Every structure is written in structure tokens, then in C-alpha cells.
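Taking it in order: structure first as C-alpha cells, then the write-up.
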Amino acid sequence: MRPSSRDEFAIAIICALTLEAEAVTALFDETYDRLSAFYKKQSGDDNAYFNGRIGSHNVVLCLMPRMGKGNAASVAACLKISYTRLQVALVVGICGGAPYSPTKEEIFLGDVIISDAVIEYDFGRPYRGGFMRKTGVKDTLGRPNREIQSLLAGLQPQQSRRVFRAKMLQHLRVIQAAQPRWRQPSSADDVLYEASYEHKHYGSGSPHLCSCLDHTSDEVCQEALDASCILLGCAQDQIHRRREYLENSSPTIQIGTVASADTVIMSGEHRDDLVKSEGVIGFEMEGAGVWNNFSCIIIKGVCNYADSHKNKAWQAYAAATGAATAKAFLEYWDPTVREETNEFYIPLDLKGVPAIEEFIGREKELSCLWKYLQPTSAWTRKVAVLHGLGGIGKTQLAIHFARKHKDDFTAVFWLSGKDRSALVSSLSSCLPRIQHLPVDNQVANEEEAEQRANQVLLWLAKPDNTRWLIIFDNIDQYPPVHGHDDSKYDLCEFFPSADHGSIIITSRLQGLTELGKSFPVQKLSHEDATRLLLQSSGLSTEYIRRTGTEQDITELAGLLDGLSLAIVIAGAFMRQTGTNAKEYLELYRTSWSDLRSQSGPTRHYQQGNMVQTWMVTYQEIQKCDPTAAKLLLLLAFFDNRDIWYELLRNSLNCSGLPPWFEMAVSSKLVFKTKVKALVGFSLVETKQQGGSYALHPVVQDWCHYVADYSNLTSQLHELALISVGYMVPHNSEREYAEIQQRLLPHANYLISRERDHWKDDTIDIWNALHRIADLYSDQGILKEAEKMYQRALAGYEKALGPGHSSTLDTVNNLANLYKAQGKLKEAEEMHQRALTGKEKALGPDHLETRTAANNPLSLTALRADQDTPRHTGTVAPVAPDLLLNTLGGHSTKRRRRR
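Just so we're aligned: the sequence shown equals residues -23 to -1, 1 to 875 in mature numbering (1 follows the signal peptide of the UniProt record, and there is no 0).
See the structure below:
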């Protein structure tokens, strides 16, 4: 909502150049006023103002008429007259940069400088021997106020800097996507010359009577000043540093002393003197003028190296990086709220959240949600249930609400509710953020995940912690009124016990409205659906008018019936293939006729338009790349939230694989090429976690439908099972705990789909089952581990015989498992069976047989254990050394099988 007066503005942004102001306004989340048409200004104030919102902050942007600290001081003085309640001023734009920081870190063009102190290098007195700068300048200008100093100190640690930089890069991508002018120039233009080498004419390249040739003077002719280094012919052997490649060259952020003056530094030697004597990292012309009027901070992108080799090619990009950093900085700036809620403040983390940058429509729904959920609307717990068709946009609505109001809540947590295990894992992953630990702090097993999840719930229930928001996403499993289903769970179990806070639930199940207030998510309006289609397809309204295809776009938007996911996929198809709306309509009608003639309605969707949208896209992929089409169906047989190349690659250890699969995972490059096509059609999503992909749950359901129709279900399920099983790591491998945690959701998903009935008739399936049993055993999920061991054992006995080493390994692992469960009788039987098998196969005097006889699970040891007094309750898991101690040291768990 637009503020009613100038008194509601606490933040000013001051820019010296139009280019700088344009970069800042491009990142406004909302524009309130231009040139004081609405807010007016005090008499005598000649400044030009632009008012808007950045994040949760109302900001006034002031564009200076000219550069320089004197003009900046005049502008700041007038600003104080009209806007009397400003707390801080950001001087945002472009600057010259030192090539190296005081800590010897390289600074490149496009990097960002933030001031923690300012010196005026032209502040002093002329003497007969030259100009002498006053040395107490930092004290004269003063440092930022304590709030800014504390915030800058908090941004200095490496972890904080990484998060801050990630926020900046997110905003930079937004402005670059909107306009190409803000993109990074060629690396060939980022050149640092020797400090003593001037940008001037040398020798025969100089015009007649050029001042550049006067070796007794430092003068440089205007023609040389206006020419680029390439046109002027600056010597290549004078280059000190060249940035050859832009790979991994995203801008960095440096915090330190900034030099400010009314003159531009155009001497590399003068620059280096100041860097050496004052530790300066940037040079600009406005900060010192603002400093005495406001608590001030300078945030500017580096566009040159403060020498005579000026290069305007980097100005737009530097302005964009400076503006993006200013927006990221403001996400941290809120002294009043922070002071009151510091203990409970947790920044929104988008890792793993399927957020989109361009959200369209739903203004009424967003307004109703805010009215109900805002922290001050009631002091009791508020639960909003967003329910509607799969793919209609529930998740994106919830995420956009969270991003829009992230500064109105002290903490926002997005939790995946696909199943109980996923929800426990998602909730437990919040604990490191609450305790301010590294976010990659891994959970050892499922029991620990449960404990950590409970700690999070206890933290949310603290009496003074009332302003949080939780989003339970994709809750499509819920206990029925009658009967019992182990695959479903009671969501109320994961509500904090206290009667406060705000909760959003997204679900296809209307019955969940019993938990809170119903917010049905309807189809997009025709206008918003058309806008989303144009955005997804990359078509402009100007192009539509010029080609006369408005009617086709309108008809297609109508056919897709306001279903967000279907519209996005149709638009992606048009963008990828160059198909126009009329051609897509023809494909849609033809393909839908074929589909309807061959099959009935799908499992979840009464509307054929969504299914048909995917079918059009799928048939195009089949035509262009049949392998990618089958790979898409295979990905749907894994847990849809985290799929990566190595997960599939491990199955190459098996024999008899389908040729299309062997080709798809033959190398990481091939795999990424195939997946890239799927991403281009919006069927697969890339995740922030490097090299990981995800599928929308509705797309996953549709893929299962196509696999059923194509008689591929068994084959794809077996491939997924083998991939997961052969990925289970040995506990001595690097990142063992992390890999197990990533594999567990996949194992759970595969086991939950036993209705797909993979064939227990190959050694690869039995090996995979055995290793999934190992995974469950390590994670303390002993009941499921027992089932998997028994299935593997049945297969080994049938095909290999009771005396084979693989069979005996499985028997031994079952003995260990029974011991861990406290089933000592079963453990004794399994141990005796393994021992008998060794005696028969190897003889009673063989070393392995004798080792087995002395195993801690031997008959004598087990009976002694039975006679030992014990506490009642859960039996503690057997020690890792005992689990590792197998007959002859040949545990299947520790050996990869073919």
C-alpha cells in the first residue's frame, strides 16, 4: 500500500547519474510517485525525487543534477527539508576501484564497493612544497552510526558474505533478465595497465602538435581522452593484468575505506599511493558531501581502475551490480524490528524452494491471505488451507506470499509435506538456521531427524516467538475418517503446540479445510492467463499485434482454462520450438483427439486440457530425442525433489540395461544435454543445489500415467531401484552421511510403490534390495531393513543356493539386525545357519568358519546375553563394530556386487 505522506519514508537513495538511478528504479518492487507529483516537496527544494518500495522499505530516490561532493552536500541538505524522518542514506552508483584490496584480494570491474569509512583525499591545504592532506579525516567525517557499523561487521564473516552475495546475484539476474543493457561486457574489456603507463598518444600515432608528446607536461589531448585503449593502441606489453575468462566471474563485494573528492583520479600512481597509505578500495565523488547530513553508506559498482584508461563499456553493468547490492543490503536493514525480535529473526531461505521470479495475478488471494495471516491480526494460531487442482498454482501462490511478506514475519519456513519422512527431514533441516549453524549440518539417521524436528517445534512454541510463518507444501496424504493407511500421516502432529503463529497448507485435498480457514485456489482469470502465456512463450504484445495472432492467443489461453502449470508448459513448448499460437492449437486438437480415442480420463484430472498440454510437449520430445523422452519417464520413478546424475550412473555396474538408458547416462555431459531439453520445456526444474533436478508432483503423476500406458512401468521402476541400491555408500566413503540422507527419500518412494511390482528375478535386483536394507539399517529403520534383507535372501537362495557367499552374507546381516532389535532367538538361528553353511562349504577348520564360531553372535554369547539383567524398553542398536563384524569379513553391505 502506498504511504500517505513523506513522513513514512526512512531511507533515501542518492544517485549522481541518470544511469545509476535507472538501475535502482529497475529494482523497485513498486513505484509510488515520480517527480513529486503525489508527495510534493517543501518550498526551496529543487531536488528530483522518485518514490517506491524495495522489499519492505519505502524509499525515496534523489537524482543529483551534477556530480561532485559539493553538489551532493546541497542535494542532501534539501532532502532533509522535505523528508524529515530519514534514518539512512545510500549513495548508490558507479566508482573507480583499487585493483587489490588491503588483504590482497583482486578487485575486478563489476565488483561492488561498500564503505565502512570515507576519506576526502582533496581535503587539506596548499603549501609551498605541494598539497598536504589532513590526516584526521576519518574522525572529521565520522564513521557510520552504530546500527550500520554493527550490520557491516555482521556481513564480514565468510558465511555471511556468501549469503549476502547470493542475494545480490539474485537481484542482478532479475534486472538483467528485464533489459540486456545491464549484462556483463566482454572479458576482453577488463584490462589493468601498469600504474605508470598513461593513456595517451605515443610516437607516430599522435596528431600534429598533440599535447601528449610534450614530455615536460602531464597533459593529454582530448582526442586521446575520448578514445578507447583499442583505438588508441595502448601497448600490450604494458598490461599488468587481464581477465581472460568470465567463467566463475560473478561480482564480489568488498567492504572498506572509500576515497571521496570533487576530482576524478586519472593516475594509476596516485591511486596506488592512496591504496598504500590509506587502505582505500574505491574512489568516488559524492559520499563525502552526503556524509555530514545523514548517516550514510556508499554502495557502488567498479567501472574503472581509477587510472587514465577509462572504459565506459562497464558503466551500465557496474550500475546494475551496485543497485542489486543496495537492494540486498536493505533486506538486512530494519533496526526497529531487529531490536525487538533479534533472538527469533531467521532470514527466508529459498534453497530447495521452487520459486519463480515473475509471478502473475492472484492479487485478491494475496490480499485475503495477508488480512488473515498477518501477525497482528489475532494473537491465536492462524491456519490457511490453500486447496485446488494439482498444477493450478497453490505452491507458487504460497511462495510468492512468503517472499512478499518475508519482512513482516520474523521467520518463514517452507516444508515439503510429500510424505511423513519428507516432512520430518524438511523440518529438521531448519534447526541449523535457528541455531545459526552451517546449513549443511547433516543428520546421521532418521531418529536424529525426529529429535531435531521436535527441537524446531519447541522453538516455534516459545511464548515470545509469535511472528513466524510455516508453509506445509503438497500435503496430499492425510488420514481417512475410517480405516488406517500407513502411507498417510496426521499433519497436526507437526503443528507447534503453542496457540500462536501463522500456517499455510497447500493441498489437493479439500478435506484438509477442517484444520483451518479455507482458501480455494481457482483458475487464473482470462487476462492473467493470457499474460502468463505471453511471458512463458517469450512473445510480446507488440509481436502479437504485428502478426495479427491476438485471437489465437486468446483461444489458446481459453483452452488451457486458467491452469497455471499447463499454461507454463504450453508457453515453454512454443518458445523452444518456435511454434506460434495457431500451430500449437492445431497440434493440441489433433493430439487430444488421438488421446481421447485411446484412453479414458487420468487419475487426478477431470480436465483433459492439462494432460493434453503435456502430451503435445512429450510427443515433440519423442520426435526430436526419444532418449530424452524415456529419461523423463524414468526420472518420475525417483523421489521428485532431488535427482542428480550420479544417482543414475551407478546402475551402469549392472548388465542387460536398455540401450537408451546406457546412452543417456554414458557421461555427465550427455545426461545434462538430455535433461536440458526437458528443462527447456518446463517439465524438469533445476535446483539451487548444484547439478540437481526436480519434477513438479503433477508432472510426476502424468509421467506415471504415460509409463502405464506405454507398458514401461516395471522396467523404469527396476532401473530406479537398481540406481538407488547401487548408490548406497560404504560408511568409510567421503560424504557418507550426506549421501545416505539424500538417498533415503528415494528408497522410501520406491518401496512405497510396490504396486508397480518389479520382478524379483535378477541378481541386480537382489543386490539393490540388499544395499537398500543396509541403508535402512544404518538409518535405524530396522523394520524396513528386515523386509529388504528377507527379500534379497529369498532371491539369493533360489538362484545361488543356501551355501553361496552372497546368501550367507545376507543371513549374517539378518543376524546382526535381529540382535539390534533384541530378537535374540532369531539372531541365534540366523547365526547358526550361517555357521553351518560355512562348515559345509569350507570345512570346520577353515579360518572363516572358526572366525564365525567366535562371532559375538555365537550361541554362547547370545545365551549369555539373554541371562544378563537388562532395563526394559527399546534395545539400543548394536555397536557399529558389531555390525561390521561379518562372517569372514565378506558382508554384502561392504562390497559392490555385479
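Built from N, CA and C at the ideal position, the CB exists for glycine as well.
Just so it is clear, the structure is predicted and the values come from calculations on it, not from any experiment.
query: Touch test, the segment 691 to 707 against the segment 623 to 635, Cβ-Cβ under 8 Å, three pairs minimum; result: yes
query: Ser495, DSSP secondary structure in three states; result: strand
query: Where the alpha helix (DSSP H) through Gln809 begins and ends; result: Leu801 to Leu819
query: According to DSSP, residues forming a beta bridge with His390; result: Checking the displayed sequence, the identity of residue 390 turns out to be Phe instead of His. DSSP lists Ile447 as partners of Phe390.
query: C-beta atoms of Ser474 and Leu446 nearer than 9 Å; result: no
query: Inter-residue spacing [alpha-carbon to alpha-carbon] between Ala(-3) and Arg566; result: 49 Å
query: Span of the alpha helix (DSSP H), counted from its first residue to its last, around Phe695; result: The question names Phe, but residue 695 in the sequence shown is Glu. Looking at the DSSP string, the run of the alpha helix (DSSP H) that includes Glu695 is Thr690 to Met704.
query: Same chain, Cβ closer than 6 Å to Ile699, neighbours up to 5 away in sequence not counted; result: Ser628, Cys631, Asp741 and Ala745
query: Rounded straight-line distance, which links the Cα of Leu486 to that of Cys469; result: 15 Å
query: Three-way DSSP call (helix, strand, coil) for Leu721 in this model; result: helix
query: Endpoints, alpha helix (DSSP H) assigned at Ser398; result: Arg397 to Ser405
query: Beta carbon of Asp22 nearer than 9 Å to that of Leu56; result: yes
query: Check whether Phe260 and Cys72 have beta carbons under 9 Å apart; result: yes
query: Three CB pairs or more closer than 8 Å across the segment 245 to 258 and the segment 37 to 53; result: no
query: Span of the beta strand (DSSP E), counted from its first residue to its last, around Leu40; result: His34 to Leu40
query: Local conformation of Leu660 per DSSP, three classes; result: coil
query: Residue nearest to Phe638 in terms of C-alpha spacing, selected from Gly131, Leu608, Val683 and His364; result: Leu608
query: The beta strand (DSSP E) enclosing Lys359, as first and last residue numbers; result: Lys359 to His364
query: Lys287 burial status per 10 Å Cβ neighbour count (16 or more: buried); result: buried
query: Leu67 in three-state terms, based on DSSP; result: strand
query: Cβ contact check for the segment 535 to 546 and the segment 650 to 663: 3 or more pairs under 8 Å; result: yes
query: Residue span of the beta strand (DSSP E) that contains Ser484, given as start and end; result: Ser479 to Ser484
query: Span of the alpha helix (DSSP H) around Ala792; result: Ser782 to Gln798
query: Alpha carbon of Ser484 to alpha carbon of Arg(-22), nearest angstrom; result: 33 Å
query: DSSP beta-bridge partners of Glu308; result: Per DSSP, none; premise fails for Glu308.
query: Same chain only: Cβ atoms within 7 Å of Val252, ignoring 5 sequence neighbours per side; result: Ala75
query: Spatial distance of residue 876 from Ala(-14) (CA atoms); result: Nothing in the structure corresponds to residue 876, since the chain is present only between -23 and 875.
query: As assigned by DSSP and simplified to three states, the class of Val330; result: coil
query: Selection from Gly814, Ser403, Val1 and Tyr713 that minimises the alpha carbon distance to Leu752; result: Tyr713
query: Residue interval of the alpha helix (DSSP H) (run including Tyr753); result: Ile740 to Asp755
query: Distance between Val360 and Ala94 (C-alpha atoms, nearest Å); result: 47 Å
query: Start-end ranges of the alpha helix (DSSP H) lying completely within the segment 229 to 266, minimum 4 residues; result: 245 to 255
query: Reduced DSSP category for Asn627 - H, G, I as helix; E, B as strand; rest coil; result: helix
query: Beta carbon of Leu674 nearer than 9 Å to that of Lys395; result: The sequence shown places Pro at residue 674, not Leu. In this structure, Lys395 lies closer than 9 Å to Pro674 by Cβ.
query: Counted within 10 angstroms of its Cβ, other Cβ atoms place Leu400 as buried (16 or more) or exposed; result: buried
query: Pro635 versus Ile152 - alpha carbon distance; result: 45 Å
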